[in-house]
Amino acid sequence: MGNSVRKGKAVFVDQTQVKSLQLYKAAMEDHCSESPETTKCKRDGNQDSQWKNIEEKSGVKRKIQAYISTSDVVIFSKTTCDNCTKVKDFFDTMDLPYFAVEVDQMADGPKLEEALCEQTMETTFPCVFVKQKHIGDYDDIMKLSKDGLFQKLLETKEDKPSQDAYDYDLIVIGGGSGGLAASKEAAKYDKKVLVLDFVSPSPQGTKWGLGGTCVNVGCIPKKLMHQAALLRQALKDSSKYGWQVETNVQHNWEIMTDSIQDYIGSLNWNYRVSLMENKVKYENGYGEFVEPHKIKSTNSRGKVKFFTAEKFLIATGERPRYLGIPGDKEYCITSDDLFSLPYSPGKTLVIGASYVALECAGFLAGLGLDVTVMVRSILLRGFDQQMANKIGDYMEQYGVKFLRHFLPTKIEQIEAGTPGKLMVTARSNDGTEMREEYNTVLLAIGRDACTRKIGLDIAGVKINEKSGKIPVNDGEQTNVPYIYAIGDVLEDKLELTPVAIQAGRLLARRLYGHSTVTCDYVNVPTTVFTPLEYGACGLSEEKALMKYGDANIEVYHSFFWPLEWTVPSRDNNKCYAKVICNTKDNERVVGFHVLAPNAGEITQGFAAAMKCGLTKDQLDCTIGIHPVCAEIFTTLSVTKRSGGSILQSGC
Ligand code: FAD
Ligand code: NAP
Numbered sequence: 240m241g242n243s244v245r246k247g248k249a250v251f252v253d254q255t256q257v258k259s260l261q262l263y264k265a266a267m268e269d270h271c272s273e274s275p276e277t278t279k280c281k282r283d284g285n286q287d288s289q290w291k292n293i294e295e296k297s298g299v300k301r302k303i304q305a306y307i308s309t310s311d312v313v314i315f316s317k318t319t320c321d322n323c324t325k326v327k328d329f330f331d332t333m334d335l336p337y338f339a340v341e342v343d344q345m346a347d348g349p350k351l352e353e354a355l356c357e358q359t360m361e362t363t364f365p366c367v368f369v370k371q372k373h374i375g376d377y378d379d380i381m382k383l384s385k386d387g388l389f390q391k392l393l394e395t396k397e398d399k400p401s402q403d404a405y406d407y408d409l410i411v412i413g414g415g416s417g418g419l420a421a422s423k424e425a426a427k428y429d430k431k432v433l434v435l436d437f438v439s440p441s442p443q444g445t446k447w448g449l450g451g452t453c454v455n456v457g458c459i460p461k462k463l464m465h466q467a468a469l470l471r472q473a474l475k476d477s478s479k480y481g482w483q484v485e486t487n488v489q490h491n492w493e494i495m496t497d498s499i500q501d502y503i504g505s506l507n508w509n510y511r512v513s514l515m516e517n518k519v520k521y522e523n524g525y526g527e528f529v530e531p532h533k534i535k536s537t538n539s540r541g542k543v544k545f546f547t548a549e550k551f552l553i554a555t556g557e558r559p560r561y562l563g564i565p566g567d568k569e570y571c572i573t574s575d576d577l578f579s580l581p582y583s584p585g586k587t588l589v590i591g592a593s594y595v596a597l598e599c600a601g602f603l604a605g606l607g608l609d610v611t612v613m614v615r616s617i618l619l620r621g622f623d624q625q626m627a628n629k630i631g632d633y634m635e636q637y638g639v640k641f642l643r644h645f646l647p648t649k650i651e652q653i654e655a656g657t658p659g660k661l662m663v664t665a666r667s668n669d670g671t672e673m674r675e676e677y678n679t680v681l682l683a684i685g686r687d688a689c690t691r692k693i694g695l696d697i698a699g700v701k702i703n704e705k706s707g708k709i710p711v712n713d714g715e716q717t718n719v720p721y722i723y724a725i726g727d728v729l730e731d732k733l734e735l736t737p738v739a740i741q742a743g744r745l746l747a748r749r750l751y752g753h754s755t756v757t758c759d760y761v762n763v764p765t766t767v768f769t770p771l772e773y774g775a776c777g778l779s780e781e782k783a784l785m786k787y788g789d790a791n792i793e794v795y796h797s798f799f800w801p802l803e804w805t806v807p808s809r810d811n812n813k814c815y816a817k818v819i820c821n822t823k824d825n826e827r828v829v830g831f832h833v834l835a836p837n838a839g840e841i842t843q844g845f846a847a848a849m850k851c852g853l854t855k856d857q858l859d860c861t862i863g864i865h866p867v868c869a870e871i872f873t874t875l876s877v878t879k880r881s882g883g884s885i886l887q888s889g890c
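Under the working numbering, residues 240 to 890 are what the sequence shown spells out, in order.
1) Below 8 Å on the Cβ atoms is my guess for P647 versus A665; work out the distance and round it to an integer in Å.
2) In whole angstroms, give me the CA-to-CA distance for H753 and I740.
3) In angstroms with no decimal places, state the Cα-to-Cα distance between Y229 and I684.
4) In this structure, does DSSP put C280 in helix, strand or coil?
5) So, T842 versus G774, is the Cβ gap smaller than 9 Å?
6) Along the chain, where does the alpha helix (DSSP H) that runs through D845 open and close?
7) Mind checking who C814 pairs with in its DSSP beta bridge?
8) For Q358, tell me which candidate among V369, H373, G348 has the shortest Cα-Cα distance.
9) Write down the C-beta distance between I864 and F798 rounded to the nearest angstrom, noting that I regard them as a contact closer than 8 Å.
10) Could you spell out the range, first to last residue, of the beta strand (DSSP E) harbouring E557?
11) In terms of residues, what are the limits of the alpha helix (DSSP H) holding M333?
12) Hey, is D727 close to the ligand FAD, as in C-beta under 8 Å from one of its heavy atoms?
13) For the ligand NAP, is there a heavy atom less than 8 Å away from the beta-carbon of L646?
14) Should F551 and S536 be called a contact, given that it needs their Cβ atoms to be closer than 9 Å?
15) Where does K385 land, buried or exposed, given buried means 16+ other C-beta within 10 angstroms?
16) If we require 4 or more residues per run, which alpha helix (DSSP H) segments fall completely within the stretch 584 to 658?
17) Is S272 helix, strand or coil by DSSP?
18) Would you mind sorting V610 into buried or exposed? The rule is 16 or more other CB atoms within 10 Å of its CB.
19) List the residues that DSSP assigns as beta-bridge partners of N821.
20) Along the chain, where does the alpha helix (DSSP H) that runs through L552 open and close?
21) So, are the CB atoms of L562 and L682 less than 9 Å apart?
22) Rounded to whole angstroms, what is the Cα-Cα separation between K279 and I503?
23) Report the rounded CA-to-CA distance for D623 versus S422, giving the unit in angstroms.
24) Taking Cβ to Cβ, would you say F364 is nearer than 9 Å to F315?
25) So, are the CB atoms of E772 and L853 less than 9 Å apart?
26) Helix, strand or coil, according to DSSP, for A467 in the structure here?
27) Span of the alpha helix (DSSP H) holding R744?
28) Buried or exposed: M360, going by 16 or more other Cβ atoms within 10 Å of its Cβ?
29) Excluding the 5 residues flanking E870 on each side, which residues of the same chain have their C-beta closer than 7 Å to its C-beta?
30) Where DSSP assigns a beta bridge to I722, which residues make up the other side?
31) Can you list, in chain order, the residues of its chain whose CB lies under 6 Å from that of C458, leaving out five sequence neighbours each side?
32) Start and end of the alpha helix (DSSP H) containing C453?
33) Buried or exposed: G656, going by 16 or more other Cβ atoms within 10 Å of its Cβ?
34) Report the residue from K446, S310, S539, F831 whose alpha carbon sits nearest the alpha carbon of E793.
35) Can we count F831 as close to the ligand NAP, meaning its CB is less than 8 Å from some heavy atom?
36) Any chance the CB of M662 is under 8 Å from a heavy atom of the ligand NAP?
Structure representation (structure tokens):
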């Protein structure tokens, strides 16, 4: 198939080939009673390649049909064609929404061109359809517009398939935090909703049930294991409170994981029941677009079903990233495997230095294991670095080792077992090589969005090619008007369970409940569940300085000593409170940071206050609750600028 440009128009198909294929298809259709894609007609070997061509072509034609029913105006375009840009500019100027299919960006672009040409008998780009009728190229649109006929065309009665033509009003791909919340909310408005959820096993073979990352391999087991670790500290503290606990207390990993997995099992079951109660149909299948309005669902036994819907929601979340070095997929585990590991991981190397890495390293060390964290650059990128470093110092004090500025290069198995023995080779920034033996290597180097294998190109949904993330507008709508996305797959949004849930619920209300309320991604509170918990809301000190400038920022801070820690006489001047205020705006609190036990419980309430526009004066006017950690925020008086002492001697 040639591809040349003549007088600014793309000429792209060999007409004789089209004719012969048409004749061949007609002949076969005469011969067989069923359509090409379902026919059981016998054919000889010579015909096979031509037949495959026809099958492919009929698929592409269905795809074109689906595209042109997507929007009132559909433009088949090429990114390199000037007239395509001009026609899009024309619609932009007219403020008319359109759906552009960039044919040269699609894997099956050449086939699509060929089928388009066959359908329209035109060889030029752009190829514009209005109300599913082929109109022509840029010149044809300009002529219609000049003759005043364009608006009339748009006003003609709709000829697109009715809503009833689809199996569902909404199909949600991904039954995690966001997908489940959105589907149940949509069903409340009497919408026919289907949720597809499927867990592809980790390279180590770990699988889990309905509910997504948070419930199965994220927040829930993480917080419970963090609690198991805190109990060890509580046991130590208890002797000063009069408890006579045996000195040689042991932890049993299997009992802990079994109890936690039992609880998770009950949550998986509750999710299924809740979907049933809300009349949401659930399919345990892997969903992928096969046509713009059609999904293929494949279950674990390979059984395939197809479903169509008017609208779609992508909520497929993320999965742990691998290093791409020898031995990583064979021998390393990730957080997907850790929480159901049937044996204690033993001496563990955690690679990575953000949320997942530090939380896992923290509770593993808290359970008494020998833990090292391999840090590529800094701790907790994106977080307030003063707080991040204090977390690191505290972890170090409690026995976690940090290997800074090292990158692993090779993982080898020395001995199989539960756990076995692994040899890790790593290189530092200055070229120093180290080799060390560990029982377990836990990769926590970030997570990749599950967007590359779900047929988004077929549906025309754009992703950021580098990150795999989906860009959306303020209404979580992708570039394809009837396809939405929420949760961890989104570009430039926070990857947190409550964010996914909130976005999902509000989206369903906007789609079906006449609501206009959008998800507010600003000042979202979060907590890092490291041994000394860290709660934060709003800007880090670095970001506040960058945004407002040093002269317009006042930072109030103080150490404090939780009363509970005074009797065991531990960790004074480790807990820390900091609020960052914008002096140009009535000392409005733009950043809230706390290192303390139960930091999440503290931060939640202050986040609500920040939503209401909390100022330093209002904090000062608030009467504290005594004796609790959070009361420190009502008495902060020392500014960082002053250099005044913030050390505490008692509560
Ligand atoms: P997910 O919950 O990941 O759900 C996506 C679902 O879609 C999954 O079940 C997946 O298997 C399924 N799926 C994927 N592709 C397909 C397909 N093609 N067809 C069908 N199904 C598919 N957040 C917090 O707020 N607090 C925490 O303390 C916290 N701790 C965390 C700890 C860890 C170790 C991790 C990894 C994450 C943690 N998070 C935490 C983040 C939180 O888990 C996520 O932000 C949240 O789960 C995102 O929800 P989601 O709906 O976008 O995706
Ligand atoms: P992340 O925030 O993307 O951090 C990845 C970490 O791995 C960084 O420290 C990064 O170092 C390091 N890294 C990346 N590539 C590496 C490589 N090739 N070699 C060595 N180190 C490498 O990922 P995450 O910790 O997995 O967290 C993912 C998301 O889950 C978070 O954004 C968060 O929203 C959510 N989460 C939330 C909670 C919670 O709410 N408590 C808990 C866990 C997870 P650099 O800094 O050098 O890039």
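For glycine and all other residues, C-beta sits at the position ideal for the given N, C-alpha and C.
Checking against the coordinates, here is how it stands:
1) 5 Å
2) Rounded to whole angstroms, H753 to I740 spans 19 Å at the Cα level.
3) Because the chain spans 240 through 890 in this model, residue 229 falls outside it and cannot be assessed.
4) Confidence is the limiting factor: at C280 the pLDDT is only 30, short of 50, which leaves the residue's position unreliable, though a coordinate-based value still follows. DSSP places C280 outside both helix and strand once states are collapsed to three, so it counts as coil.
5) Cβ atoms of T842 and G774: closer than 9 Å.
6) The sequence shown places Phe at residue 845, not Asp. Per DSSP, F845 is one residue of the alpha helix (DSSP H) stretching across 838 to 850.
7) C814 is bridged to F799.
8) Comparing Cα positions, the closest option is H373.
9) That belief does not hold up - the Cβ atoms of I864 and F798 are roughly 19 Å apart, past 8 Å.
10) 557 to 559
11) Unbroken run through M333: none, as it is neither H nor E.
12) yes
13) yes
14) no
15) exposed
16) 594 to 605, 624 to 636
17) Because the pLDDT of S272 is 29, which lies under 50, any placement of that residue in the model is unreliable, and the number read from its coordinates should be weighed accordingly. Looking at S272 - three-state DSSP - the assignment turns out to be coil, as it is neither helix nor strand.
18) buried
19) I792, R827
20) Unbroken run through L552 is the beta strand (DSSP E), 543 to 553; no alpha helix (DSSP H).
21) Yes; because the gap between Cβ atoms is below 9 Å, this pair is in contact.
22) Low per-residue confidence applies at K279: pLDDT is 30, beneath 50, and the placement is therefore not dependable, though the value from the model is reported in the following sentence. Approximately 47 Å between the Cα atoms of the pair.
23) 36 Å
24) Yes, the Cβ-Cβ distance between F364 and F315 is below 9 Å.
25) No, Cβ-Cβ distance for E772 and L853 is not below 9 Å.
26) helix
27) In the DSSP assignment, R744 falls within the unbroken alpha helix (DSSP H) covering 736 to 751.
28) exposed
29) G863, I864
30) F551
31) T736
32) 451 to 456
33) exposed
34) F831
35) no
36) no
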